Every structure is written in structure tokens, then in C-alpha cells.
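Colleague: Can you keep this structure in mind? I'll have questions shortly.
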Amino acid sequence: MTSDKTELLEYVKDNDVKFVKLTFCDLLGRQRNISVLSSQLEDAFDNGVAIASSAMTGVDRTDLKLVPVSSLLSVLPWRPHTGRVMSVFCNIANEDGTPYTCDPMILLAEQVKKLKRLGFTASVATECEFYVFNDDPTLDYLDPVDRADYCACAPFDKCENLRREVIHSLEDMGLKPISSHHERGMGQNEIDFESANPLSAARNFVMFKSAVKNVCALNGMKASFMPRPMSDQPGSGLHLSVTLSGKNADKATAAFAEGVLRRYKEITCFANPTLNSYKRLGSGYKISYSDHRRAAMRIFDDNVVQLRSPDSTCNIFTVLALVFAAGREGIEQGLTLRERGVVEDTLFSGIDEAVEFAAGSDWLHKQIPDRLDEVLETISMRSKAAAKLKTDLEFFDFYADI
39 MTSDKTELLE YVKDNDVKFV KLTFCDLLGR QRNISVLSSQ LEDAFDNGVA IASSAMTGVD
99 RTDLKLVPVS SLLSVLPWRP HTGRVMSVFC NIANEDGTPY TCDPMILLAE QVKKLKRLGF
159 TASVATECEF YVFNDDPTLD YLDPVDRADY CACAPFDKCE NLRREVIHSL EDMGLKPISS
219 HHERGMGQNE IDFESANPLS AARNFVMFKS AVKNVCALNG MKASFMPRPM SDQPGSGLHL
279 SVTLSGKNAD KATAAFAEGV LRRYKEITCF ANPTLNSYKR LGSGYKISYS DHRRAAMRIF
339 DDNVVQLRSP DSTCNIFTVL ALVFAAGREG IEQGLTLRER GVVEDTLFSG IDEAVEFAAG
399 SDWLHKQIPD RLDEVLETIS MRSKAAAKLK TDLEFFDFYA DI
């Protein structure tokens, strides 16, 4: 909405903003925030707002600070218009003000800068699937709001008005969705966004999930971004489309794509970080590019590389940072794109395999300095807890905060 601190403070004053949610994502991709009165926002810019490191990692080892980023502001439309509430995303800093080395937003921003030094810019578009259920506490199972299928119409598609309300909310927040439809599963939907710069696209995705959950709650429903909330229904994915621009972008896109394919298994632990992720992936996506539904990547005209295996349990900032790091390496090393449809490997059958592979990656240790083992431990602990669950409803409750 604004890219200048002074303009943001003026906007807060002129638009009766009472509360500001200082928003960030923890290492598991879950939205977190601290609410401050708008009168404290300038001090937050100048001095930061203290949080415990457990908010990021689950392990309380040091104090950290939230530092607002003025360009990542959204007004929350489902809040009162009198004494309005807005969200502003924050960078994470150490207590002395230096950048926190494991802040996913900083990791992504650094990779975008490195790509720019090579003469290229990138934009990212997302396609996100999710399920909607009736919120009936008397039921011991998940009850989809409809029994419609792909691109169904009302009255069979009972989510039509809900998607419309979500899109209106997103537009009020300054986000730019471009289409929506009913997906294959009962109560399953998809909303797609137009391309934006990587940081904005990641922020938009996080706010999109929040909008869906809040609109559903206001309508007596509950939403799930789990990769496979019902074992007898199709899974929900998050397709990430990266478009490169710059001189000789065609050649660079091919090298970028090969760089990502080369590191795909290392990225998987972050793109699919939950036990439930592998209930969707099944036997694993093929690490290749083609139009086949089980291919990990598609490549389109106009220099678009689409990753098809990620899901919405991921921290999108971290995933995009790793994607850009891998793609940039491909450009720097002049990699040649493998032939279309050639399968050299497949993804993992479970989260334990993905964590073990990531732990042995020297490349990942360089991309996430000092904190990789901590991140992997957090992912592993959560997955072990989920492994004790038996029913779809138990999984829904466990993953309700993603």
C-alpha cells in the first residue's frame, strides 16, 4: 500500500487505525503476530518490538525483535471500520539490531538481491487449493460444505459466494486475485493470484490464508490448507510460478530451472514439511519437467517455471529463498536443462526421509546458516507428534494453525 515509513504513519493517522498487528511467519510457516496500539508504531520502526526466539523456532534461546517493513501493509477488512486494524509484516532482528540469520523474509530478500546482480528480476504467482467444512462441533468427522466437483456451478457448488467474499476481502487488503473455482474434491476450492515481486507474493499468500480462515469462521465454516485433510479425497497443493525478466531471459530460465531441479530433493523438506504432506505426494513426484500431473515442474512460454509439488504447510518465504538460491546457481554455472520428461529421481515417501536428506546437505547449511539443524529438529518433532494421530478430524485439529 505504501513503501515509506512516513507515509505509513500518516495513513494510520488519517484512516482511524487503532491497532497494528506486527506479523511474521515462524519457521513452520505459521502466521504469528503481536498487536500494538497505532501510537506505538513509530517506536516499533525505530527500536523494534521484543519477542522470544521460541516464537520462531519453538526453542527459547535468545531475545529477538520485530522490525516493521512499511511496504508490506494490509488493512484487515473483517475488523471494525471504527478503530481499524491493519497488519504489517516484519523482519526479525537480534536484540542488538543485527538481522536474524534465520529470518525467512531476510533470506528471500537476499536471494532476490543476488539474482538482480546477475541482471535478472523475478515475479511469483501462486495457485492455492483448500477445503471448506461445516463447523459442527457435534460431529466426529469432517463434513465438507458440498459434494461438488471440478468447476461445478451453483447450487451444487456451495462455496461460490464464500470465494466471492474472500476475493472482495483480498481486494480490500490491496491484494490481486485473478480467478477462483471449485476443485475436484468435495468442498475443495482454488484461488489464483497474479504475479507480484517475490516478497509481496509471499506476504499475499500468508494474508490469503488468513482471509480464507476468517471469512469461513464468520460464515459458520472452517477452512483447511492441509495437503490432504480427507484420506478419500484429492490433496491440496500450492503451485508456485516464477517468471524471470532480463537480458537473455530465455537462456537464463532454462539454467534456472535446471538449478532448481538439481536441488529439488533438498528443498522438499521445506516445501513439504509435514507428515500430512506425504499423504498427498504418495509415492513421490517425479523430479522432471513435463505436463504430467506427477511431474515436479512445468515450464511455460514467457520464461515461466512452475513448481507443482509444494503445499500450503510450507513457509513460503523460505521455500522461495531456496528456489531462488538454486536457480541462481544454475544461471551462474550455465547449467543445461535436461530433456523434457526425463526422470532422474523421485521425491520422498515420507517426512523422515526428507529431514534426513536435508540434514546431510552442505548446500542447505550454507543457505540457512547456524540454524538448519534447529529448523529440522522442529519439523521432526511436530511430525512425530502427528504420527500418533488416527482420524482425519484429529489431523485437522492438529494442523488447524497452518
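For the sequence shown, this note's numbering gives the first residue as 39, with consecutive numbering after it.
Note that the Cβ used here is the ideal one computed from N, Cα and C, for glycine as well.
None of the values given here were measured: they were computed from a predicted structure.
1. For P311, which option in D210, P272, L373, S418 has the closest C-alpha, if you only look at C-alpha atoms?
2. Whole angstroms are fine: how far does the CA of A82 sit from the CA of E133?
3. What does the alpha-carbon distance come out to for the pair T351 and Q78?
4. Under 7 Å, do A364 and V298 count as touching if we go by C-beta distance?
5. Grouping DSSP H, G and I as helix and E and B as strand, with all else coil, what is R70?
6. Is A287 closer than 7 Å to L375 when the C-beta atoms are compared?
7. Please go through the same chain and pick out, in chain order, the residues whose beta-carbon is closer than 7 Å to the beta-carbon of G180, but skip the five residues on each side of it.
8. Give every residue of the same chain whose Cβ lies closer than 7 Å to the Cβ of W401, excluding the five residues on either side of it in the sequence, and list them in chain order.
9. Assuming A392 contacts V357 (C-beta within less than 8 Å), just tell me the rounded distance between them.
10. Going by CA-CA distance only, name the one from N252, H206, V204, H277 that's closest to S233.
11. Between the segment 158 to 177 and the segment 219 to 234, do at least 3 Cβ pairs fall closer than 8 Å?
12. Only counting runs of 3 or more residues, tell me where the beta strand (DSSP E) segments fall wholly within the segment 337 to 384, in order along the chain.
13. Between the Cα of Q149 and the Cα atoms of F362, D411, I205, which residue gives the shortest distance?
14. So what's Y327 in DSSP terms, helix, strand or just coil?
15. Given a cut-off of 7 Å on the beta-carbon distance, is the pair R122 and V55 in contact?
16. In or out: Y188 buried (at least 16 other Cβ within 10 Å) or exposed?
17. Leaving aside the five residues before and after G223 along the sequence, list all residues of the same chain whose C-beta is less than 6 Å from its C-beta, in chain order.
18. According to DSSP, simplified to helix, strand and coil, what is K13?
19. If I measure Cβ to Cβ from F57 and keep anything under 6 Å in the same chain, skipping five residues before and after, which residues do I get?
20. Please check the pair F127 and S262, which I expect to be a contact at CB under 8 Å, by giving their CB distance rounded to whole angstroms.
21. Please return the same chain residues whose Cβ sits closer than 7 Å to the Cβ of R409, not counting the five positions on each side in sequence.
22. Report the rounded CA-to-CA distance for L102 versus A190, giving the unit in angstroms.
23. Under 7 Å Cβ to Cβ from P407, same chain only, skipping five residues before and after it: list those, please.
24. Please go through the same chain and pick out, in chain order, the residues whose beta-carbon is closer than 7 Å to the beta-carbon of S315, but skip the five residues on each side of it.
25. Which parts of the segment 221 to 277 are runs of the alpha helix (DSSP H), unbroken and 4 residues or longer, counting only runs that do not cross its ends?
26. Please name the residue or residues paired with A131 in a DSSP beta bridge.
27. Within 10 Å of its beta-carbon, does D195 have 16 or more other beta-carbons around it, so buried, or fewer, so exposed?
28. DSSP puts P182 in a beta bridge; with which residues?
29. Identify which residue in D340, F436, K428, R241 has its Cα closest to the Cα of T281.
30. Under the three-state reduction of DSSP, which class applies to D288: helix, strand or coil?
31. Which residues mark the beginning and the end of the beta strand (DSSP E) in which I89 is found?
32. Note the first and the last residue of the continuous beta strand (DSSP E) segment covering K59.
33. By the DSSP assignment, the alpha helix (DSSP H) with P142 in it spans what residues?
34. With DSSP as the reference, label F158 as helix, strand or coil.
35. Under 7 Å between the Cβ atoms of Q69 and V253?
Modeller: Taking the geometry as given:
1. Nearest option by C-alpha distance: S418.
2. Rounded to whole angstroms, the gap between the alpha carbons of E133 and A82 is 13 Å.
3. Using only the alpha carbons, I get a separation of about 32 Å.
4. Yes.
5. Three-state result, R70: strand.
6. L375 places its beta carbon 7 Å or farther from that of A287.
7. Correcting the residue type first, residue 180 is Leu in the shown sequence and not Gly. These residues qualify, in order along the chain: F171, P267, M268, D430, L431, F434.
8. Close CB contacts of W401 within its chain, under the 7 Å cut and outside five residues either way in sequence, are with R301, E304 (chain order).
9. The Cβ separation is near 13 Å, so there is no contact.
10. Of N252, H206, V204, H277, the residue nearest in Cα terms is H277.
11. Flag = yes, the segment 158 to 177 and the segment 219 to 234 touch.
12. If we require 3 residues or more, the beta strand (DSSP E) runs fully inside the segment 337 to 384 come out as 342 to 345.
13. The candidate whose alpha carbon is nearest that of Q149 is F362.
14. Here Y327 sits in strand by DSSP.
15. Yes, they are a contact pair.
16. That one is exposed.
17. Non-local C-beta neighbours of G223 in its own chain, meaning closer than 6 Å and more than five positions away in sequence, comprise Q271, P272, ordered along the chain.
18. With the chain represented from 39 up to 440, any question about residue 13 goes unanswered, as that position is not in the structure.
19. For F57, same chain residues with a beta-carbon under 6 Å away, outside a window of 5 residues either side, are S73, V123 in chain order.
20. Contact doesn't hold; Cβ gap of about 24 Å is too wide.
21. Result list for R409: T139, C140, in chain order.
22. Those two C-alpha atoms are separated by around 48 Å.
23. Closer than 7 Å at Cβ, skipping near neighbours: T139.
24. Once the five neighbours on either side are set aside, the close Cβ partners of S315 are P265, D349, T351, I389.
25. Note on the segment 221 to 277: whole alpha helix (DSSP H) runs with a minimum of 4 residues are 236 to 256, in chain order.
26. K103, P137.
27. Around the beta-carbon of D195, 16 or more other beta-carbon atoms lie within 10 Å, marking it buried.
28. For P182, which the question treats as bridged, DSSP gives the partners F171.
29. Nearest C-alpha to T281: D340.
30. Helix.
31. Run containing I89: 87 to 90, per the beta strand (DSSP E) assignment.
32. The continuous beta strand (DSSP E) containing K59 extends over residues 55 to 63.
33. First-last of the alpha helix (DSSP H) with P142: 142 to 155.
34. Looking at F158 - three-state DSSP - the assignment turns out to be strand.
35. Contact flag unset, no.
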